[in-house]
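S.K.:
2 protein chains.
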Amino acid sequence: MLEIFKTITLDKNSHTPLYTQLYDSIHEMLSQGVLTQGFRLPSVRELSKLLGINQITVVSAYRLLENNGFAHSKTGSGTYIENLIGNGSQFSGHESISDELYQQEDISIINSRQIEVDENTINFASATPTTDLFPVDDFKTALNEVLERDRGNAFAYQESQGYEPLRYCIFDKIKSQINCGSPETIQVISGSQQGIDIISKALLKQGDCVITESPTYSGAIAVFKSRGADIADVEITENGPNLNILEYLLKKHKPRFIYSIPSFQNPTGYSYSNMHRKEMLALAEKYNTYIIEDDYVSDLDFEGKNLYSIKSLYKNDRVIFIKSFSKIFMPGLRLGFMVVPQSLQENVLEAKHTTDISTSGLIQRAFDLYIRKGFWNKHMSFMFDIYKERYYEITKALDENLPPQINYSKPGGGLNIWLNLPFGFPMNSLLRQTAAEGLVFAPGNIFYGANSPQKLNNIRLSYAAVHTQQINAGIKRFCEIAERMLQNNSS
Amino acid sequence: MLEIFKTITLDKNSHTPLYTQLYDSIHEMLSQGVLTQGFRLPSVRELSKLLGINQITVVSAYRLLENNGFAHSKTGSGTYIENLIGNGSQFSGHESISDELYQQEDISIINSRQIEVDENTINFASATPTTDLFPVDDFKTALNEVLERDRGNAFAYQESQGYEPLRYCIFDKIKSQINCGSPETIQVISGSQQGIDIISKALLKQGDCVITESPTYSGAIAVFKSRGADIADVEITENGPNLNILEYLLKKHKPRFIYSIPSFQNPTGYSYSNMHRKEMLALAEKYNTYIIEDDYVSDLDFEGKNLYSIKSLYKNDRVIFIKSFSKIFMPGLRLGFMVVPQSLQENVLEAKHTTDISTSGLIQRAFDLYIRKGFWNKHMSFMFDIYKERYYEITKALDENLPPQINYSKPGGGLNIWLNLPFGFPMNSLLRQTAAEGLVFAPGNIFYGANSPQKLNNIRLSYAAVHTQQINAGIKRFCEIAERMLQNNSS
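Protein chains in written order, with the working numbering: chain A, 1 to 491; chain B, 1001 to 1491.
(1) I want to verify the contact list: residues of chain A whose CB lies under 9 angstroms from the CB of Asp1356 of chain B, in sequence order.
(2) Per DSSP, what kind of secondary structure is Gln1187 of chain B in: helix, strand or coil?
(3) Quick check on DSSP: helix, strand or coil for Asp1294 of chain B?
(4) Out of A:Ala232, A:Phe337 and A:Ile475, which has the shortest C-alpha to C-alpha gap to Tyr448 of chain A?
(5) Just to confirm, is the Cβ distance from Glu1213 of chain B to Ser1273 of chain B under 8 angstroms?
(6) With distances taken from CA atoms, which of A:Gly304, A:Ser190 and A:Ile174 is nearest Tyr163 of chain A?
(7) Touch check for the segment 1194 to 1210 of chain B and the segment 1377 to 1391 of chain B: three-plus C-beta pairs under 8 angstroms?
(8) Which runs of the alpha helix (DSSP H) spanning at least 4 residues fall entirely within the segment 1374 to 1409 of chain B, listed in chain order?
(9) Any heavy atom of the ligand ZN closer than 7 angstroms to the Cβ of Gln1265 of chain B?
(10) How many angstroms separate the CA atom of Gly361 of chain A from the CA atom of Ala154 of chain A?
(11) State the beta-bridge partners of Glu213 of chain A as determined by DSSP.
(12) Does the segment 326 to 338 of chain A touch the segment 417 to 426 of chain A, meaning 3 or more C-beta pairs lie closer than 8 angstroms?
(13) Leaving out the 5 sequence neighbours to the left and right, which residues in its chain are closer than 7 angstroms to Ala366 of chain A when beta-carbon positions are compared?
(14) Secondary structure at Leu1439 of chain B, three-state DSSP: helix, strand or coil?
(15) Identify, in the order they occur along the chain, each residue of the same chain with its Cβ nearer than 8 angstroms to the Cβ of Glu483 of chain A, setting aside the five sequence neighbours on each side.
(16) Which bits of chain B does Leu147 of chain A rub up against, with CB to CB less than 7 angstroms?
(17) Figure out for me which residue from B:Glu1350, B:Gly1374 and B:Arg1045 has the closest Cα to the Cα of Ile1198 of chain B.
(18) Against Ala1156 of chain B, what residues of chain A qualify as contacts under a CB-to-CB distance less than 7 angstroms, listed in chain order?
(19) What do you get for His1353 of chain B, buried or exposed, if any count of 16 or more other CB atoms within 10 angstroms of its CB means buried?
(20) Restricting to Cα atoms, I'd like to know which of A:Met29, A:Gly76, A:Pro129 and A:Cys169 is closest to Gly374 of chain A.
(21) For the segment 283 to 291 of chain A against the segment 241 to 257 of chain A, do three or more pairs of beta-carbon atoms, one drawn from each stretch, fall closer than 8 angstroms, so that the two count as touching?
(22) Among the candidates A:His276, A:Leu250, A:Gly195 and A:Tyr248, whose CA atom is the shortest distance from the CA of Asn239 of chain A?
(23) Taking His1072 of chain B as part of the beta strand (DSSP E), name the residues at either end of that continuous run.
(24) Of all Cβ atoms in chain B, is any one closer than 8 angstroms to the Cβ of Asn123 of chain A?
(25) Would you report the Cα separation of Gly228 of chain A and Ala220 of chain A, rounded to the nearest angstrom?
(26) Please list, in chain order, all residues of the same chain as Tyr1023 of chain B whose beta carbon is under 7 angstroms from its beta carbon, the five residues on each side excluded.
(27) Output, in chain order, the set of chain A residues within a Cβ distance shorter than 9 angstroms of Arg1372 of chain B.
(28) Ends of the beta strand (DSSP E) at Met1338 of chain B?
(29) The segment 1214 to 1243 of chain B: which residues have C-beta closer than 8 angstroms to a C-beta of chain A, in chain order?
(30) When DSSP labels each residue in this structure, what does Pro331 of chain A get in the three-state scheme?
(31) Against Leu143 of chain A, what residues of chain B qualify as contacts under a CB-to-CB distance less than 7 angstroms, listed in chain order?
(32) Just to confirm, is the Cβ distance from Leu1300 of chain B to Gly1414 of chain B under 8 angstroms?
(33) What do you get for Gly474 of chain A, buried or exposed, if any count of 16 or more other CB atoms within 10 angstroms of its CB means buried?
(34) If we call anything under 8 angstroms between Cβ atoms a contact, is Leu10 of chain A one with Gln21 of chain A?
(35) By Cβ distance below 8 angstroms, which residues in the same chain neighbour Glu1285 of chain B in space, the five residues on each side in sequence not counted?
(36) Exposed or buried, what is Ile1056 of chain B when buried is set at 16 or more other beta-carbons lying within 10 Å of its beta-carbon?
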């Protein structure tokens, strides 16, 4: 039976790691019915010899098959296929993700278009605050004052770099935390998605490589792919990415940059330790690359982790810092900023001009005044308190109700919690059953790039769009449904 | 002396036409002092034989040298170099464009950053309306009504395709002129620059070809280059592009699309005849490509040309229509729309999402209400009358004052007039002298791509940012300065 494994071809020059390629090949044989339930895979030594690859590659591929419920190992005996396709088991972790609800890879598309959300929905899927939290009256005050003050100038072309008083205002706000030199390093953007797009225009050519975390924000992956970049990814753990793997990828692929979300990462909620931040910057220096530091919710530090921004470290000219206001202020404003190293400023400015000439002048001016009038500080503290209350409510509900087979680690801040379910758990059934009861959340697989091995046993629970009063009932019901499915299977 | 021409190497596979390459090579020899004043160029037959190229290629290159003042031909005798570099003549058409004022290729950067404009400046350089023309109060009314009506929803993520009522509203406005099927074909964009960027993301890969007019809007060229596209261009005449050359380029380069500004083109003010529009669409069909129709001021048709949009023609599914509001409404709003053929809608929507998720919800909603309250029609008619008055004022002043060596053709609408000066006219001196008297305009060369032969003897005069009362004095003074320079040279 070793014969059939000879058909596997691996490409050592590909950006997709060999172990992933091997995993994919075996998974395909399994999907096609070539490998059936109970089949004993070749030993690690046999397969590595047959394919001319390192034993560790085979071990990694087998471990991934196990993690995703496609195999199990018996000590001293070997690794056996779990091919449950079509055999009626609820635990076929590879059932196709066919629900229309979840076909879109990007969670923000899901938020706005795909999930039918009515007032009775308990929405753990959206990481975006609900509209009742927006400071409409204060912003309206700022808007009207700006219109009186600036009249038509509010609607003229603005400097591509951003409205100057706003850049100064942002600089004053962040200079104590982020070592950004001068207001000239600030580039205003129409939301952080645009920031990622602009940086990619300034830095990426077709065939360049980018390193991302895995899982990560799918909107970033879409941009890198649109520029024709190849993506290599490094698994994120509770303290940050595995630095050995990161260094290996840096050495091998010479990426243009590393895209990272170091604080309360999306989707996992994990934060890099301060050691990981320092080490990553040292690696960027050593391998002559950049770091895009995407800061979307570092403000929401409920337990005083006091993590410092990578951009705040010594020798930070390899870090492009992107700040989003979508989660802590109002997403539809389409406003954010970047801190850009001097060496990239000209390219970034040109890319911004090419992209949309400038961000809306009215919005920039109103936001500037909004900050100067003290509304921003007031609102930040309001949002912090609300999110914090929800964070403690959801972690309490999870601790009380989560079946022992499901676990998570407390992020201590941010907006997301990453649940680990048993390998092979029938995620789609769970999604359907909870959705039928008006309970929605984001399945973990949508946060994996197409090239990376998707782990199918995670769920992202967000508490940005659920009211504190809904949380306990929602989590309780979620846990009941999950527990019933776990029991049905084991019985 | 034929020897030195052997050093010329031409690349037949390049997107740059051979005659342009030859022109560039000779121009370089001239800049380096290899060819000096009075040097007799090889005969057309000699050079074509030496380089193994068609005689017509040599004729075209020589003609371009003449057009730009670098050579003159004597009938029956040959073509002679005019190398005036460094010999003190004011008529060295190739003096380097070094003024800081004009280093930026893009006129909108010039508008906002480079030209020092104070209240005494007469600004013929900007094609953007001045802020005193903006309907601030009506827009403020719409903004406040929307904030009362929609509250926080105005600041939530919007559909990437655009706020639905606005798409319906736009559809109703344009359906009588543009055959666009349904509101589903409308894609809201954050200004037409973003439209060009999004289409390019949806259609262009590195190495693809795009055909543009020459000269054209430099902001579009910047986008195509950023996608790694090659650009071939076709000279625009008063009735549209030369269709034979266009067909030749289509056959040779198989472009992904043609970027065109058919009505009151930027920078020339020329409009395609209706025949040219039909023919171009037929060519797009024949050569299986798309047309991007950039409509930035077709509304300003002062003399009743009644040109129809290419998108309004039968079989229009090869046309992507982009509408800007920057020139007729307010540029800093960053709002426009596209009409997208069904076959491209999915790709375009994905590219929009990747670019900035959505256009500002508040701005979209306020603009929707602004149209519905009738403010839009009122403002269009106001702007039309103002621009029309300025158009007649500037053409009258030009007709009365322009030296006979300078000519132009009346565009009949739009915002720009394209002056043809004598070949070799010292444009930079003119720019400096007029700027010293507070009179600014856009030199023609900034509208040519780096690959295309730049004609150096044009000026774009715009009347969007000059008040009617300033026009006569400004044009008169401009003509006096130009005339004095012409006389100084001929004396």
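Beta carbons are placed, not taken as given, at the ideal position from N, Cα and C, and that holds for glycine. From a predicted model like this one, the values you see are computed outputs, not experimental measurements.
M.R.: Per the coordinate set shown:
(1) Ile189, Ser190, Gly191, Gln193, Gln194, Asp197, Arg334, Thr355 and Asp356
(2) strand
(3) strand
(4) A:Ala232
(5) no
(6) A:Ser190
(7) no
(8) 1375 to 1401
(9) Because no ligand of any kind appears in the structure shown, any question about the ligand ZN cannot be addressed here.
(10) 5 angstroms
(11) A:Val234
(12) no
(13) Phe139, Ala142, Leu143 and Val146
(14) strand
(15) Pro403
(16) Val1136 and Lys1140
(17) B:Glu1350
(18) Thr131, Pro331 and Gly332
(19) buried
(20) A:Cys169
(21) yes
(22) A:His276
(23) Ala1071 to Lys1074
(24) no
(25) 13 angstroms
(26) Ala1061, Leu1064, Leu1065 and Pro1453
(27) Result: empty, since nearest Cβ-Cβ is about 19 angstroms, beyond 9 angstroms.
(28) Gly1336 to Val1339
(29) Gly1219, Ala1222, Val1223, Ser1226 and Gly1228
(30) helix
(31) Leu1143
(32) yes
(33) buried
(34) yes
(35) Lys1315 and Arg1318
(36) exposed
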